[in-house]
């Protein structure tokens, strides 16, 4: 088990709709507090849930779900072959994080997170903090077809609350509906683990990201920090109908 103290988490990046891009091309969906939250927020330690085990490759959403989401974008940006009229939905996979991925995670984080972190909090993002979190959480690489497109990290604590601590997609893969599919996959897994609630952190000024979370069923929870909105989604047990 890896014990992780609750503190400032990574600013997360995800662009669900191309209209949400800022001038810098970066729009974080999920954030946690600034460095000041270490002093202002006193919460109990969180540990990884006993059921939170390393997962093998996971296919994100079925073809039926992907088609319903109208996710029919080309697989590789700029590929003339993929720009042909293919009716197959783009395949997304989550594979286990390895230490060999750290260089790629560092690049994704520096490209997509560090600038908005500096703009928001006025300090540089400490990459060692990022990597320590990535190592302690359940982290997986996001593959769009066979291309690594980003990463996602989450922690399920002993109370059954799953915090989505990182969701990062590289710019070419933003605005294509991939984030929605990934969040649906994470929710399915959370239910399978027996989680009772999902939790995300969003900047108070980030109205589009709040709207995205609400579209997934999240509601605003208690505000713990001035710059951060906590959004939660209770996970009700799925009641199966008896077979007649």
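Numbering (the UniProt record's numbering), first residue to last: 1 to 244.
All C-beta atoms, glycine included, are put in the ideal place defined by N, C-alpha and C.
Closest by C-alpha distance to residue i, when choosing among the options
i, options, result
"residue 203", "196, 195, 197 and 213", "213"
"residue 181", "108, 99, 232 and 143", "143"
"residue 168", "230, 184, 112 and 177", "112"
"residue 155", "109, 129 and 193", "193"
"residue 121", "226, 187, 185 and 108", "226"
"residue 124", "136, 191, 110 and 94", "110"
"residue 164", "117, 223, 104 and 133", "133"
"residue 90", "98, 230, 166 and 177", "177"
"residue 184", "233, 223 and 221", "233"
"residue 160", "150, 146, 172 and 190", "190"
"residue 146", "97, 119 and 92", "92"
"residue 149", "228, 106 and 219", "106"
"residue 127", "114, 228 and 157", "114"
"residue 157", "174, 138 and 173", "138"
Endpoints, the alpha helix (DSSP H) within which residue i is located
i, result
"residue 130", "127-136"
"residue 105", "102-112"
Which residues DSSP lists as bridging residue i, in chain order
i, result
"residue 96", "140"
"residue 225", "228"
"residue 115", "Residue 115 is not bridged to any residue."
"residue 233", "198"
Integer-rounded CB distance, given that residue j should sit under 8 Å from residue i
i, j, result
"residue 141", "residue 198", "Actually they do not touch by this definition, with Cβ atoms about 21 Å apart."
"residue 102", "residue 131", "6 Å"
"residue 94", "residue 152", "7 Å"
"residue 108", "residue 170", "6 Å"
"residue 235", "residue 196", "6 Å"
For residue i, the first and last residue of its enclosing beta strand (DSSP E)
i, result
"residue 90", "No beta strand (DSSP E) contains residue 90, which DSSP labels as neither H nor E."
Which ranges would you report for the alpha helix (DSSP H) in the stretch 134-203 if only whole runs of at least 4 residues count? Whole alpha helix (DSSP H) segments, 4+ residues: 178-193.
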